[in-house]
Amino acid sequence: MLETIIDIVRQAGEIVLSARDIGSQTREKTSAADLVTEYDLAVEQFLKEKLPPLVPGSIFFGEEEAENADPSRGWAFIVDPIDGTTNFVRGLQQSAVSVALAKDGALEYGVVYDPYKNEMFSARRGGGAFLNGAPIHVSDRPLDQGIFAMGTALYRPEYFQRTMRLTEQLFRRSCDFRRMGAAALDLCGVACGRTDAFFEYSLSPWDYAAGSLIVIEAGGAASTLEGGPLSVSRRCSCWASNRVNRDILKELEV
Ligand code: IPD
Ligand code: CA
Ligand code: CA
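Going by our numbering, the sequence shown opens with residue -9, and the numbers climb by one from there.
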């Protein structure tokens, strides 16, 4: 199953790489900060055709066109066709296709593909995490020797102040931070030890489902900022880290 999902996600990545003249195929969803392109729709359509037949009776929970069904029941594909749409539109080459498969709310498979770097991150529950087929592990760096990534929860302005406050607190305890613009890749960055923690106050299941399983299978921790489980059906906050930094939020004002 994992190999089959990987093959399909790689083909979806080809659609991302084939993009030309993206600006003319972009429209605002709710604001100038919330964009969708013809490519988001084309990749989602492709995945919607290819993935559900792999698991008869499964549902498809995608960002652009979620089925009206509860992804915490039965088998569900949880899909972000292009995570990092603003990066995609602006040619920043930091975007990914993200696919998770969950059963009764438990993540079983996660695949995140960065087509620009040809990096395929994958994990199966209990089976470890991989980058292009090679095992990956979180770092063992304490934050005072490390860097963290963060997201601005930009569709939820009510979180702005808390985001900045937590960023400052973590910044004072670390070497530096990054805001890279694709949460699925931020999680994979923690999983392979490039960064040592990541947070965002509000994300959707398609942003973190696959990446959070990859972090956990790489030996790290993924939870809400309060330490609770990440939901497969509702927006929530997200914290991911290696083992050394997992409890650092208990010392901070979140
Ligand atoms: C967004 C990206 C971004 C994060 C936002 C997400 P999208 O996803 O992951 O890094 O800050 O909260 O919504 O809209 O590009 O798929
Ligand atoms: Ca996303
Ligand atoms: Ca998206």
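Every residue, glycine too, gets a C-beta built ideally from N, C-alpha and C.
Any non-hydrogen atom of ligand 1 within 7 Å of residue i CB
i           : result
residue 204 : no
residue 98  : no
residue 20  : no
Beta-carbon spacing of residue i, residue j below 8 Å
i           : j           : result
residue 73  : residue 208 : no
residue 42  : residue 67  : yes
residue 29  : residue 49  : no
residue 23  : residue 144 : yes
residue 129 : residue 186 : yes
residue 210 : residue 181 : yes
residue 133 : residue 164 : yes
residue 60  : residue 223 : yes
Integer-rounded CB distance, given that residue j should sit under 8 Å from residue i
i           : j           : result
residue 189 : residue 226 : That pair is no contact at about 12 Å.
residue 199 : residue 90  : 4 Å
residue 71  : residue 37  : 6 Å
residue 179 : residue 105 : Not really, about 16 Å apart at Cβ, beyond 8 Å.
Any non-hydrogen atom of ligand 3 closer than 7 Å to residue i Cβ
i          : result
residue 72 : yes
residue 30 : yes
residue 75 : yes
residue 53 : yes
Residue from the options with nearest C-alpha to residue i
i           : options             : result
residue 215 : -5, 231 and 83      : 231
residue 79  : -5, 195, 15 and 150 : 15
residue 201 : 87, 52 and 8        : 87
residue 240 : 159, 197 and 107    : 159
Segment limits, beta strand (DSSP E) that includes residue i
i           : result
residue 140 : 137 to 140
residue 121 : 119 to 121
residue 213 : 211 to 213
Run of the alpha helix (DSSP H) containing residue i, from where it starts to where it stops
i           : result
residue 75  : 75 to 79
residue 154 : 150 to 162
residue 206 : 195 to 207
residue -3  : -8 to 7
residue 242 : That residue, residue 242, is in no alpha helix (DSSP H); it is neither H nor E in DSSP.
residue 29  : 28 to 40
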